[in-house]
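Worksheet: one structure, shown below.
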Amino acid sequence: MTFGIEAASYHVPSLYLEIKDLAEKRGIEPAKLEKGLGLHKMGFPDVHEDAATFAAEALLKLIKDYHINPKDIARIYLGTESALDAAKPTASYAMQMVEKVLEEEFGERCFKNCDVVDLTFACIGAVDAFHNSLDFVRVNPDKKAVVIASDYAKYELASSGEYTQGGGAVAVLVSSKPDLIEFENNWGVATESVFDFFKPRRHFKKENLNNAPESFPEKIEIFTDEPVFDGQYSNQCYQDRIREAYNHYKEITGKNKPYEHWKYLIFHLPYAFHGKRVFTEIYSLENGLSYETPEEQKAVAKSEAYIQFINDKIEKSQRASSEIGNMYTASIFMALLSALQTSFNENEELTGKEIGFLGYGSGSKSKVFAGKVSANWKNVVSKWDVFEELKSRTAINFETYEKLHRKQLENSVNENYKGFGLKYVELENPVLKGARYYHYQK
Ligand SMILES: CC(C)(COP(=O)([O-])OP(=O)([O-])OC[C@H]1O[C@@H](n2cnc3c(N)ncnc32)[C@H](O)[C@@H]1OP(=O)([O-])[O-])[C@@H](O)C(=O)NCCC(=O)NCCSC(=O)C[C@@](C)(O)CC(=O)[O-]
């Protein structure tokens, strides 16, 4: 029996900012962002969009496109680091939104017996949900699981993370009928607790706040959606963890140079060119090349053989990322969709080809694993149109972007949007304060 991904869908934020507009306003050379990091557009959520609406859109699309009976979904595990609540899972919001839309066809509470939860480990949380759900279907081969990766990658204005912002969701159906990719059960894992990127409770003292009212507590702790991070250190942690997880994968499988057997290398992409920039180390180790000095490292990156390797095995997975930015947990899944969509559009045959995955989540952990493309993959991919759909987003200017970022807009940019949207957050009723209410516009 085989296990893996039976179907997949995605959703991206409805707005975007041209990276060159951001570069100009921040006094950064556009070529650094476009040619150095591979960034072209930055996906950005409208006022009514958040990680729950992205997840709901991807889930509804999955169910509709592949004619899934929602009652056959035994669990919905959602990987996110953009949780809207520290107790109530974002998955429960997404599930409720979709349940309402499906009510007419499937009756009330079609997810009544569905196991729903969030998993969090920065960008690798959805890989963890996927790993766990694969185990679940291996034990229960007659059951189906949905894994959703959904996030909004937001950084402080004018920080070095700002140009890597993005967002969106990918949902996959995991089952014993892996029409897209079947996965082997080998997981290279590497973990180390570090502070490369994290979202702690921020501490504020009353004495440091301007005009704090008398009733204000002396000290408060709040979560913000903007991380504390050290960019170059996070690059190093990423590189170290994927090397360790890759070596662990080699150890447990006994495979020699596994990357050479992979048609595509699918990375967690915090920005489009990250995978190809960091893989130089593993590539050098595998090929006996010196990798000590910055000059040696540059020489590997610029070598004809490495450039050919990138063009063959990584470039197609970067394309969606260049148009969206970091999707945190969803980035690795979107990198997969990007590569498969491109192969599909180019009429390439992938059946039986092996794909390697290198996941990373700050804080920090990497998982390295592999799967094989199934004979039915084209039927699954025929439901997507990733690059065409990206063209239907609305462009925003820099002023609108800053207002959205600062939460200064009351109304959505696209007021007549279709699909799920946040209607309001309860602020008065003491027993519902903070509850979020969503609706669906046809
Ligand atoms: C990612 C960094 C650190 C990048 O930091 P940076 O300082 O913007 O860029 P850089 O100096 O590292 O690289 C710039 C590249 O542009 C090139 N360049 C320069 N000028 C030009 C020019 N004129 N024309 C052409 N190319 C140019 C330059 O040569 C270089 O390319 P290289 O040669 O090294 O390949 C920053 O954006 C950042 O802090 N981002 C936020 C954190 C982050 O994304 N970290 C990534 C690893 S951690 C991770 O992936 C986890 C994460 C973040 O997703 C969170 C989670 O797990 O939840």
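Offset between the sequence shown (1-based) and my numbering: plus 21. Every residue gets a Cβ at the ideal spot worked out from N, C-alpha and C, and that includes glycine.
Taking a C-beta distance under 8 Å as the contact criterion, Leu140 and Tyr98 qualify as a contact pair.
Boundaries of the alpha helix (DSSP H) around Asp261: 252–274. Of Ala77, Lys109, Lys240, the smallest CA-CA separation from Asn229 is found for Lys240. Leu430 sits away from Val33, with the two beta carbons spaced by 8 Å or more.
Relative to ligand 1, the beta carbon of Asp217 is positioned inside 7 Å of a heavy atom. Excluding residues up to 5 positions away in sequence, Tyr37, His61, Lys62, Gly64, Phe408, Leu411 lie with their Cβ nearer than 8 Å to the Cβ of Glu344 in the same chain. Ranked by Cα distance from Gly209, the first of Tyr270, Ser236, Ser171 is Tyr270. According to the DSSP secondary-structure assignment, Val389 is paired through a beta bridge with Gly209, Leu379. Taking 8 Å as the upper bound for CB-CB distance, Lys439 and Lys463 are in contact here, some 7 Å apart. Nearest in C-alpha terms to Thr212, of all of Glu27, Thr363, Ser383, Asn432, is Ser383.
Under the three-state reduction of DSSP, Arg414 is assigned to coil, being neither helix nor strand.
For Ala192, the number of other beta carbons within 10 angstroms of its own is at least 16, and it is reported as buried. Runs of the alpha helix (DSSP H) lying entirely within the segment 98–165 and spanning at least 4 residues, in chain order: 111–127, 146–160. Of the heavy atoms belonging to ligand 1, at least one sits nearer than 7 Å to the Cβ of Thr185. Ranked by how close their Cα comes to the Cα of Leu306, the residues Ile273, Ile287, Ile263, Trp283 have Ile263 in first place.
The continuous alpha helix (DSSP H) containing Lys337 extends over residues 336–345. A direct Cα-to-Cα measurement between Val389 and Phe204 gives close to 12 Å.
The alpha helix (DSSP H) runs lying completely inside the segment 24–105 and spanning 4 residues or more are 40–47, 72–86, given in chain order.
For Lys53, the CB falls within less than 7 Å of some heavy atom of ligand 1. Relative to ligand 1, the beta carbon of Arg298 is positioned inside 7 Å of a heavy atom. Between Ile202 and Gly25 a beta carbon distance of about 5 Å is seen, short of the 8 Å cut, so the two are scored as contacting.
Check the Cα spacing between Ala28 and each of Lys399, Ser342, Glu70: the tightest is with Lys399.
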